[in-house]
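Working notes, beginning with the structure itself.
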Amino acid sequence: MATHRDGRIVETPTEARQAEPGPSVLALLTASTSLAVLILGVVWFAFFRV
C-alpha cells in the first residue's frame, strides 16, 4: 500500500512496477497477431489450395 512521506508517495518496487499496459503494448500485440494471420494465410494458399 502506498504511503505518504513528506508530501510524496512512497511505494515498494513491486507496487511501482504494476502498471497498465500502454499503447505500445497494444500496437505490438496488433502487429504480431496480424503478421501471424498473414503468414498462416500464405501457408494455406501455398500448400492447401485445391
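If you count by my numbering, then the sequence shown holds residues 29 to 78, one letter each, in order.
All residues carry an ideal CB built from backbone N, CA and C; glycine is no exception.
Please report the straight-line C-alpha distance between residue i and residue j, rounded to a whole angstrom.
| i | j | result |
| --- | --- | --- |
| F76 | L57 | 27 Å |
| L66 | V78 | 19 Å |
| E43 | V71 | 44 Å |
| H32 | E39 | 9 Å |
| L68 | G35 | 55 Å |
| I37 | G50 | 22 Å |
| A64 | A55 | 14 Å |
| P41 | V53 | 21 Å |
Got a sec, what are the start and stop residues for the beta strand (DSSP E) residue i sits in?
| i | result |
| --- | --- |
| R77 | Note, R77: premise wrong, no beta strand (DSSP E); not H, not E. |
| T40 | No beta strand (DSSP E) holds T40; DSSP gives it neither H nor E. |
Judging by CA-CA distance, which residue of the options is the nearest neighbour of residue i?
| i | options | result |
| --- | --- | --- |
| R45 | A64, S62, L63, A30 | A30 |
Who are residue i's beta bridge partners in DSSP?
| i | result |
| --- | --- |
| T31 | V38 |
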